[in-house]
Amino acid sequence: MLTALFMALFDVFVVNVAAPSIQRDLGASSGGLELVLAGYSFTYAVGLVTGGRMGDMFGRRRLFVGGMAMFTVASLLCGVAPNIAVLVGGRLLQGIGAAAMVPQVLAMINVTFPPSERARALSFLGATVGIGTIAGQILGGALVQLNIAGLGWRPIFFVNLPVGILAVTGALRLLPESRAHRSQTLDPVGLVTLTAGLSALIVPLVLGRNEGWPLWTWGSLAASAVLLSGFALWERDLERRNGAPLVPPQLLRLPGISKGLAITAAYFTFFGGFLVVFTVFLQTGLGDSPLRAGMTLAPLGAAFAFASIAGRRVAARYGASALTAGTVLSAIGLLTLSLVIATSGLQASIVAMVPGLVVIGLGNGLVIPLLIGTVLAHVPVESSGAAAGVLTTTQQLSLALGVALIGLLFFTRLPSAGIAGAASVSLFVDLALVVVASALTLTLPRRRAQVAPVAASVEDVEIAA
752 MLTALFMALF
762 DVFVVNVAAP
772 SIQRDLGASS
782 GGLELVLAGY
792 SFTYAVGLVT
802 GGRMGDMFGR
812 RRLFVGGMAM
822 FTVASLLCGV
832 APNIAVLVGG
842 RLLQGIGAAA
852 MVPQVLAMIN
862 VTFPPSERAR
872 ALSFLGATVG
882 IGTIAGQILG
892 GALVQLNIAG
902 LGWRPIFFVN
912 LPVGILAVTG
922 ALRLLPESRA
932 HRSQTLDPVG
942 LVTLTAGLSA
952 LIVPLVLGRN
962 EGWPLWTWGS
972 LAASAVLLSG
982 FALWERDLER
992 RNGAPLVPPQ
1002 LLRLPGISKG
1012 LAITAAYFTF
1022 FGGFLVVFTV
1032 FLQTGLGDSP
1042 LRAGMTLAPL
1052 GAAFAFASIA
1062 GRRVAARYGA
1072 SALTAGTVLS
1082 AIGLLTLSLV
1092 IATSGLQASI
1102 VAMVPGLVVI
1112 GLGNGLVIPL
1122 LIGTVLAHVP
1132 VESSGAAAGV
1142 LTTTQQLSLA
1152 LGVALIGLLF
1162 FTRLPSAGIA
1172 GAASVSLFVD
1182 LALVVVASAL
1192 TLTLPRRRAQ
1202 VAPVAASVED
1212 VEIAA
């Protein structure tokens, strides 16, 4: 089960480390590179809720196996991609595969393990998040650096092939099938409208600068506003008719959900933008090899894993204050790192940057695992699955927007300010986003956080990861 979560995380971080090598080898523009990075998170995000519901309807093991098979085939396509267009297509397919397999993980854990064993199983899930983060950075850098058989960056995708084949084989042999006991329906109109609206928003943000902001980019942005407004109206009407909306509007009216979505959007936009900017700064600005860049980011991943393990106890004792503390730590780390780059420029040393990275990692380790649990503590148990789905989708979309928006700022500033100046400005914008997230955490009730409900019943958890 955890193989799916590991692979989905690994392929976020490994491509960030390999991004400069991919750009050089395929002669990609900065917009093309951002599509490689953001496309995966985008299709992953859009498909999460639908993937969870399809698992409830057609069988969770079936969706897990189908998603894993698609992810594996898409990884092969990425590995043999002759140009940036094929690579972008492969990344989009990887995101669809991840959206099918990852939502089944927690639901299958709930089905497979009795309550007495479930907490331990979930602790392994938390450890997988930290391991996937670190492995993506270090192993990805090593694979690119080793240049196995002269393939350069391509082994970062080929490594998924044996893992995916073993996971599919193991799932067919070991995992029991399960479905929701009550009937489930999809919302095809909502799915198509939301997908079209978000596509119309993200594509011009990614490609607009390189294309000189032609008329189609502004038309696309205007169309996104119309489509997303239409989506909201459709979901509201579907709810009034007692239908099954993709994003139930009633959830957005619950105390804590709207605030939680705002915190999630601000924080994950920072994180998506930070990863792409800092990786490009290390490899293109400082001339680090992919392996050295991965090792530089490793302290962030290690601190993240450590804080994630400790986060449950901290949240149990301090409640939403732990979430505020995490955002403050991230802000301090970003400020430290920004000042190092602003003052030292291309002479910045790894030793000087590591303290900031460690503090950012500690902040991430508190914020990211605790955010869903803290928000769901204020949601009725019967709505916990749908609420977790909305939050998780917001996380992935915000990562994609962070790559698009902060990447746009970075590459726009690059010609005039140089790579150090562009990175410094981008990091200060990231800092502003974290400050906004921190301020929003202060509006949450200060009571002790509850552990997010694992499940009122399995069918109530359509998606939670």
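So in this note's numbering, spot 313 of the sequence shown is number 1064, and the numbers just go up one at a time. Think of the CB as a built atom: it goes at the ideal place given N, C-alpha and C, for glycine as much as any other residue.
Cβ-based burial, residue i [other Cβ within 10 Å; buried from 16]
i            : result
residue 1065 : buried
residue 984  : exposed
residue 713  : In the structure as shown, the chain begins at 752 and stops at 1216. Residue 713 is therefore absent and cannot be evaluated.
residue 1041 : buried
residue 776  : exposed
residue 955  : buried
residue 911  : buried
residue 754  : buried
Residue nearest to residue i in terms of C-alpha spacing, selected from the options
i            : options                  : result
residue 1096 : 832, 974 and 1172        : 1172
residue 1146 : 1168, 950, 1120 and 907  : 1120
residue 792  : 995, 1154 and 782        : 1154
residue 736  : 1007, 752, 863 and 760   : No answer is possible for residue 736: it lies beyond the span of the chain, which begins at 752 and ends at 1216.
residue 1150 : 1016, 1047 and 1055      : 1016
residue 1075 : 825, 1193, 1091 and 1162 : 1193
residue 787  : 880, 808, 826 and 888    : 826
residue 1179 : 1092, 1116 and 1113      : 1092
residue 817  : 853, 879, 783 and 794    : 853
residue 981  : 1157, 944 and 917        : 944
residue 947  : 930, 966, 973 and 936    : 973
residue 752  : 794, 798, 858 and 804    : 858
residue 916  : 991, 819 and 899         : 819
residue 862  : 840, 930 and 894         : 930
First through last residue of the alpha helix (DSSP H) which encompasses residue i
i            : result
residue 767  : 753-777
residue 1095 : 1071-1095
residue 1017 : 1008-1031
residue 747  : Since the first residue shown for the chain is 752 and the last is 1216, residue 747 is missing from the structure and cannot be characterised.
residue 1034 : Per DSSP, residue 1034 belongs to no alpha helix (DSSP H) and is neither H nor E.
residue 694  : This structure cannot speak to residue 694, because the chain is shown only from 752 to 1216.
residue 988  : 966-991
residue 862  : 854-863
residue 1001 : 1000-1003
C-alpha distance - residue i paired with residue j, whole-angstrom precision
i            : j            : result
residue 835  : residue 1071 : 43 Å
residue 891  : residue 953  : 27 Å
residue 822  : residue 847  : 8 Å
residue 1036 : residue 767  : 15 Å
residue 1007 : residue 1142 : 11 Å
residue 998  : residue 1019 : 20 Å
residue 868  : residue 901  : 46 Å
residue 987  : residue 968  : 29 Å
residue 800  : residue 1078 : 27 Å
residue 951  : residue 942  : 14 Å
residue 885  : residue 993  : 45 Å
residue 806  : residue 866  : 22 Å
residue 1080 : residue 1111 : 6 Å
residue 1029 : residue 1055 : 17 Å
residue 1218 : residue 1168 : Here the chain comprises residues numbered 752 to 1216, so residue 1218 is not present and cannot be evaluated.
residue 808  : residue 802  : 10 Å
residue 1039 : residue 908  : 21 Å
residue 976  : residue 1002 : 22 Å
residue 882  : residue 1109 : 16 Å
residue 838  : residue 829  : 5 Å
residue 1009 : residue 970  : 29 Å
residue 1104 : residue 1013 : 29 Å
residue 1132 : residue 860  : Reliability of the predicted coordinates at residue 1132 is poor, the pLDDT of 49 falling under 50, and no value is obtained from them.
beta-carbon residue i near the ligand MN non-hydrogen atom, thresh 7 Å
i           : result
residue 842 : Because no ligand of any kind appears in the structure shown, any question about the ligand MN cannot be addressed here.
Chain C within 8 Å of residue i, Cβ atoms only
i           : result
residue 973 : The question asks about chain C, but that chain is absent: this structure has only one protein chain.
Give a yes or no on contact between the region 808-822 and the region 907-925, applying the rule of three or more CB pairs nearer than 8 Å.
-> At 8 Å Cβ cutoff, the stretches touch.
Kindly confirm or deny that the region 1054-1061 and the region 757-775 touch, where touching means at least three C-beta pairs closer than 8 Å.
-> At 8 Å Cβ cutoff, the stretches do not touch.
Evaluate contact between the region 1081-1091 and the region 1043-1050, counting only Cβ atoms and requiring at least three cross-stretch pairs below 8 Å.
-> Segments in contact, no.
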